[in-house]
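For what it's worth, the working numbering labels the leading residue of the sequence shown as 5, then goes sequentially.
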Amino acid sequence: MDVLSGILLLCLAVGLYVVCSLYLLRNPWILHKRKRLEFYCRNISHRGGSGEKIENTMEAFTHAVSAGTEMLEMDCHLTSDGYVVISHDSNLMRQTGYDQTVSSLRFQDLPLYEERLEVTFYVGHYSTGKDRQFVLLEDLFKKFPSMPMILEIKENNDLLIKKVSNLLKQYHRESITVWASEESGVMVKCKEQNPSMPYMFTMKRGILLLLLFYTGLLPFVPLGESLLFFYLPSIINRTYIPEESILKKRFVVYLLQKLTMRKSLFEHLTKRGLQVQLFVCNEESDMEAAFAVGATGVMSDYPTLLTNFIKKHPPPIYN
């Protein structure tokens, strides 16, 4: 009888936990104060819209803004003479044809981008443009003082992080700029330098987020992050060919799709005031799929295409 009573109590406790977890998943404001960001962006330009102009050039950023983008995404590196420059790669071979690193060169010695550059997330497609010069982060801040931006810190470099933080403070844009990095160690340093800025989930924190979601613990746990950036898995091995061999396996991508693209998870995060941005969507079908699963924003290499899609199919606004 004692064993039976114990089993019944355990079942009751588990049932109560499940009911509470599900209720709080749908009603997170009972435990958590809703985050309030100073921006809400549905149209995010990846590398300044690298499908329409040469990636990360001033021409690309200017074109994206004129096309209606609401946020610019970029990556930061440090030159040998201490300038914060916008570049996705640390080694310039893919972008310029020169096998040199950004950190080994002075800003004035950086080579020009290739005249024709393949779009990383749209294999077989290329972009061109009149502008082929690298851009200083400071010049971007000067030109677009009120445009929200995502700054991914591409190297674990204390001086780079400090210089980026100082520029953010100098141009008073901490509230509209996002710290981004996949590495937890880098993100810790970013937050130490400028804790007032919104920041994204790192890879480790993203895995933890999924564990919390599937164990039912997520509704009870506070979250410091303000944004979730993640691949739309259906682009992998179709418009985007990954370097990682594990992502080339169909079953792995299928599993990734099933585990991560959970509308109930995204709805919970948006109810807590977080923004969910899926990338990199370069076809209308992918944009539609991203918004359908609950993304608040889509990152694309084609800002004009995305602007037109949103005009034709306005997604719901959760903020």
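By construction, the Cβ of each residue, glycine as well, lies at the ideal position given by its N, Cα and C atoms.
| message | Restricting to runs no shorter than 3 residues, where is the beta strand (DSSP E) found entirely within the segment 20-95? | response | List check, beta strand (DSSP E) in window: 47-49, 75-82, 88-90.
| Stretch pair the segment 232-240 + the segment 193-211: three plus CB contacts closer than 8 angstroms | Yes, since at least three Cβ pairs between the segment 232-240 and the segment 193-211 fall closer than 8 angstroms, the two stretches touch.
| Span of the alpha helix (DSSP H) holding residue 127? | Segment: none, residue 127 is in no alpha helix (DSSP H) and carries neither H nor E.
| Entirely enclosed alpha helix (DSSP H) segments - the segment 148-235, minimum 4 residues | As summarised for the segment 148-235, the continuous alpha helix (DSSP H) elements at least 4 residues long and confined to that stretch are 162-174, 188-197, 207-219, given in chain order.
| task | Name the two residues that bound the continuous alpha helix (DSSP H) containing residue 304. | result | For residue 304, there is no enclosing alpha helix (DSSP H); the enclosing beta strand (DSSP E) covers residues 301-304.
| field | Exposure label - residue 101; buried when at least 16 CB within 10 Å | value | Burial state of residue 101 is exposed, judged by a 10 Å Cβ sphere holding fewer than 16 other Cβ atoms.
| Rounded to whole angstroms, how far is the Cβ of residue 75 from the Cβ of residue 90, which I believe are closer than 8 angstroms? | Here residue 75 is actually not in contact with residue 90; their C-beta atoms are around 15 angstroms apart, not less than 8 angstroms.
| request: Out of 84, 143, 312, 283, point me to the one whose CA is closest to residue 110's CA. | output: Of the candidates 84, 143, 312, 283, the one whose C-alpha sits nearest the C-alpha of residue 110 is 84.
| request: Compute the Euclidean distance between the alpha carbons of residue 57 and residue 157, then round it to the nearest angstrom. | output: If you take the alpha carbons of residue 57 and residue 157, they lie about 23 angstroms apart.
| query | By how many angstroms is the C-alpha of residue 39 removed from the C-alpha of residue 267? | reply | Roughly 19 angstroms separates the two Cα atoms.
| request: Starting from residue 279, follow its DSSP beta bridges and name the residues at the other end. | output: Bridge partners of residue 279: 231.
| task | Determine the burial state of residue 254: buried for a count of at least 16 other Cβ atoms within 10 Å of its Cβ, exposed for fewer. | result | The residue is exposed, with fewer than 16 neighbouring Cβ atoms inside 10 Å.
| What number of angstroms, rounded off, separates the C-alpha of residue 124 from the C-alpha of residue 34? | Looking at the two C-alpha atoms, the distance is approximately 43 angstroms.
| Bridge-paired residues (DSSP) for residue 247 | The partner list for residue 247 (beta bridge, DSSP) is empty, contrary to what the question assumes.
| query | Leaving out five residues before and five after residue 276 in sequence, what residues of the same chain have Cβ atoms less than 8 angstroms from its Cβ? | reply | Excluding positions up to five away in sequence, the list reads 32, 33, 36, 38, 39, 227.
| task | Specify the secondary structure class of residue 240 as computed by DSSP and reduced to three states. | result | Note: residue 240 maps to strand in three-state DSSP.
| field | Assigned exposure category for residue 170 - 16 Cβ within 10 Å defines buried | value | It is exposed - the Cβ of residue 170 has fewer than 16 other Cβ atoms within 10 Å.
| message | DSSP three-state label for residue 292, please. | response | In this structure, residue 292 counts as helix in the three-state DSSP scheme.
| task | Identify, in the order they occur along the chain, each residue of the same chain with its Cβ nearer than 8 angstroms to the Cβ of residue 261, setting aside the five sequence neighbours on each side. | result | If we look at residue 261 and ignore the five residues flanking it on each side, its Cβ neighbours are 237, 238.
| Within 10 angstroms of its Cβ, does residue 46 collect 16 or more other Cβ (buried), or is it exposed? | Looking at its Cβ environment, which holds 16 or more other Cβ atoms inside 10 Å, residue 46 is buried.
| In three-state DSSP terms, what is residue 141? | Reduced to three states, the DSSP call for residue 141 is helix.
| field | Residues bridged to residue 114 [DSSP beta-bridge criterion] | value | Paired residue(s): none; residue 114 is not in a bridge.
| field | alpha helix (DSSP H) segment containing residue 264, residue limits | value | Unbroken alpha helix (DSSP H) run through residue 264: 254-264.
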